[in-house]
Structure formats: C-alpha cells, structure tokens
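Just below is one structure, and these are the notes that go with it.
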Amino acid sequence: MNYWLMKSEPDAFSIDDLKRKKQEAWDGVRNYQARNFMRDGMRPGDRVFFYHSNCAVPGIVGIAEVATDAYPDPSQFDPKSHYFDPASTRDKPRWMLVEVKFVKKLKRTISLYELKSDPALEGMPLVRKGNRLSVMPVEAADWKYILAME
DNA sequence: GCCAACGTTGGC
DNA sequence: GCCAACGTTGGC
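Count along the first sequence from 1, add 16, and you get the number used in this note's numbering.
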C-alpha cells in the first residue's frame, strides 16, 4: 500500500464536501507529473492525506482512500467544462483521474507551517520551496509521523 | 492582492 | 531544441 497527498482548494472542494458526498472523482488535474502519480502509482486501498490549499490555514485536514484505478477524466472532452482540453481525444485521452472516498476528518488541521517547522519532515516534497504539485507521494515513515501529530 | 516558482507553449 | 513569453499555483 502506498501513501499520497492531494491538494484541494476548500472553496472549490473541501474535506466536508467529501464527507457529505462519500466518494468523488478527482477531476481537473492538468499536470503531467500529478497525472502520472494517479495513473501509475495509485491503487485502490492506498491512503491519501487530504490537504487544503490556497486558504487561511493551509494544511492536512483529513484522510481519504483511493477507490478506483485511474481512468480518463471526462471533463477533458466537455467543451463547456473549465477543464476542457481540445488537444485530447477519446482514443488517446491525455488526462486521467481516480476516485477517492472519505475516511475521516482529522480532529485538527495539521498546518503547513507545522510541517515546515519540523526538521523530521524536511525531505517531504510538500514543504520544499516552490512546490506546486497537487498530487504527490508520501513516505510511509512520514505518514506515520504526521498521523502522530494529530 | 502580490509575486515567486514553476510548467507549458510556440516562434525561430 | 532553445528559450522568451505567458499562464497557473499557492503561500503569504
């Protein structure tokens, strides 16, 4: 089993939205590295830190689970969608998604500030300067360490 | 709202 | 294939 971190802007889709909907297709990823993690790395059962970005207190707010293998993101074919990609075809879809399901909400937000402040976590891609990846792997040791911070 | 850090695009 | 211009992400 592998561990991941996925970012979402709470204004667009928050951990509470996932809790209410139970499961959600993670559409709109338009970055090749992030796509590759979903397509090649993720398997059903993998665990995911749900991260709130672009908000007052960015940080990890909950846990989700990968619910499906990757499949083509339907929004890339929809001309009305914000995520429409005219260069993508159904024969050779460019963008993939996985569905994730709600596991739990953390009792508190483990903030980016805290994660950055802890020398034990300085190897995490999340805390590296300028990192903009919205989907990234988490080391098993870091996963356990962060859970213990809750 | 600003802007640094990236990723992508397209002219050449 | 280089790289300038542009667009986006996301912390602050």
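Ideal Cβ positions, reconstructed from N, Cα and C, are used throughout, including at glycine.
The structure presented is a predicted model; accordingly, all values stated were derived computationally and were not measured.
| Item | Value |
| --- | --- |
| Spatially closest choice to lysine 123 from Glu81, Ala164, Val151, Asp107, by CA coordinates | Ala164 |
| Start and end residues, alpha helix (DSSP H) containing alanine 157 | 156-163 |
| Leucine 142, enclosing beta strand (DSSP E) - first and last residue | No beta strand (DSSP E) contains leucine 142, which DSSP labels as neither H nor E. |
| Cβ pair phenylalanine 118, lysine 23 closer than 8 Å | no |
| Burial state of valine 73 (16 or more Cβ within 10 Å) | exposed |
| Beta-bridge partners of methionine 54, as assigned by DSSP | Answer by DSSP bridge pairing: none, since methionine 54 is not bridged. |
| Candidates Lys121, Lys145, Lys120: closest to lysine 132 by CA position | Lys145 |
| Tyrosine 19 (DSSP reduced to helix, strand or coil) | strand |
| Counterpart residues of phenylalanine 93 in DSSP-defined beta bridges | DSSP lists no partner for phenylalanine 93. |
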